[in-house]
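Numbers in the working numbering are just positions in the sequence shown, counted from 1, shifted up by 1.
The C-beta atom is built at its ideal place from N, Cα and C for all residues, glycine as well.
No experiment lies behind these values; they were computed from the predicted model shown.
For reference, the structure discussed in these notes is given below.
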Amino acid sequence: MSASVPDGAELTRWRTAARIAGEARELGVRLARPGALRRDVAEAIERHIRSQGAEPAFPANLSRNVEAAHYTPDEADTARFETGDLVKVDVGAHLDGAVADTADTVEVGGGRRQAHLIAAVHEAVAAGIRAVRADGPVDDVSRAIASAIRARGLNPVRDLTGHTIERYLLHAGKSIPNVPGLSDATFREGEIVAIEPFATNGEGRIANGPFGHILRFRRPPPADDAALAALYGRFRTLPFTARWATRPEERAALERGRRLLQTYPVFLERAGGLVAQAEHTIRVGPAGAEILTAAALPAADDG
Ligand code: MN
Ligand code: MN
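This is how it looks when you write it as structure tokens:
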């Protein structure tokens with residue numbers, strides 16, 4: 002079984018969602034300044050997405066330092082970014098389920114202490130994207146990513162992967178590992194794929210941390226629970242956060258629906274290493290990858 006790939010009006014929606022996600026990523030990178038409230042930055046990213054007529058495909062992830070992924074502030078979060086924080090700005094936007102997913106890493110305050118880690122993931126995402134071929138092996142991309150990161154004496158994070166994307170499905174089933182030897186899949190022309198290398202000065206393995214305020218419906222709720230069904234209607238099977246469901250009846254519905262909800266832990270680098278990430282959503286074209294979320298990730302020579 003293989004789903005159809007987007008074309009026509011649906012592909013146009015994907016390109017638009019990707020343009021918006023890229024803009025939101027750049028906004029987050031600019032706003033992650035010393036003293037900025039992490040919650041304000043997340044909300045500004047999500048507001049930009051909505052202002053452009055799209056919806057966030059998942060809560061703005063603002064993971065710091067040893068946090069590799071899956072942290073979004075809740076409404077009680079009073080943490081502010083500090084000079085030297087290594088922040089992964091990972092954002093998603095969707096239009097009618099056409100999902101784009103993109104990330105970059107910024108050192109708060111503009112210092113260069115972690116420029117090496119950031120350059121490694123910029124080089125790795127560029128190398129991975131160059132290795133994409135219709136009908137070509139996923140493993141070529143994994144090898145290119147790992148080589149770029151190891152060339153800087155760093156480790157790729159092997160527990161986190163890129164992924165194919167389908168309508169309302171952020172992780173559609175095909176993984177793009179960040180180390181070679183784990184996939185025998187091939188790319189299919191027209192497929193939408195997120196390429197997302199993570200580099201660390203730690204071990205390259207992940208441990209689960211505390212709940213990072215990100216939820217997802219595992220399955221549809223019973224139709225006779227109107228408040229829960231309304232939340233499912235908004236988010237479907239995409240990740241969301243209780244920050245977006247603040248009315249008392251919505252909070253009560255989430256409490257009732259607990260068994261239907263997957264809760265995501267923050268992913269931590271197991272050895273306590275710092276983690277950088279870069280991510281683009283691409284389309285597998287006849288002559289290689291077309292980057293949909295381009296909106297200016299820095300060139301690969303910045304470190
Ligand atoms: Mn992402
Ligand atoms: Mn992703």
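Using the C-alpha atoms, what's the distance from G182 back to A253? 46 Å
Check whether the Cβ atoms of V180 and A277 lie closer than 8 Å to each other. no
Is A195 near ligand 2, judged by its Cβ being under 7 Å from some heavy atom? yes
If you compare alpha carbons, which of R20, L269, H214, L255 is closest to V100? R20
Would you check whether ligand 2 has a heavy atom nearer than 7 Å to the C-beta of E280? yes
Just the Cα atoms here: how many angstroms apart are P138 and P221? 35 Å
Is G93 near ligand 1, with its Cβ less than 7 Å from a heavy atom? yes
With burial defined as no fewer than 16 other Cβ atoms inside 10 Å of the residue's Cβ, what is the status of E24: buried or exposed? buried
Assuming A173 and T165 make a contact with CB atoms under 8 Å, what is their CB distance in whole Å? 4 Å
What number of angstroms, rounded off, separates the C-alpha of A58 from the C-alpha of V92? 8 Å
Residues in the same chain with beta-carbon distance under 8 Å from N340, minus the five sequence neighbours each way, listed in chain order, please. Any question about residue 340 goes unanswered here, given that the chain covers just 2 to 304.
Beta-carbon contacts of R40 that lie in its chain and below 6 Å, excluding the five residues immediately before and after: P74, D78
Going by beta-carbon coordinates alone, are L232 and E204 separated by less than 8 Å? no
Going by alpha carbons, who is nearest to A120 out of D105, A132, F188, P35? D105
Alpha-carbon spacing of T84 relative to Q115, whole angstroms: 12 Å
Beta-carbon within less than 8 Å of A295's beta-carbon, same chain only, minus the 5 sequence neighbours each way: which residues are those? G23, H281
Same chain, Cβ closer than 6 Å to A272, neighbours up to 5 away in sequence not counted: G203, E204
Is it right to say T103 is buried, meaning 16 or more other beta carbons lie within 10 angstroms of its own, or is it exposed? buried
Uninterrupted alpha helix (DSSP H) stretches inside the region 208 to 283 (no shorter than 4 residues): 227 to 236, 249 to 257
Are the beta-carbon atoms belonging to L32 and N66 less than 8 Å from one another? no
Can you find a heavy atom of ligand 1 that lies under 7 Å from the Cβ of A104? yes
Paired residues, beta bridge with K175 - DSSP: K175 is not bridged to any residue.
In whole angstroms, what is the alpha-carbon distance linking P211 and A195? 25 Å
Can you find a heavy atom of ligand 2 that lies under 7 Å from the Cβ of H164? yes
Return the first residue and the last residue of the alpha helix (DSSP H) that D102 is part of. Segment 99 to 108 is the beta strand (DSSP E) holding D102; no alpha helix (DSSP H) there.
Can you grab the Cα-Cα spacing for the pair A230 / T17, in whole Å? 28 Å
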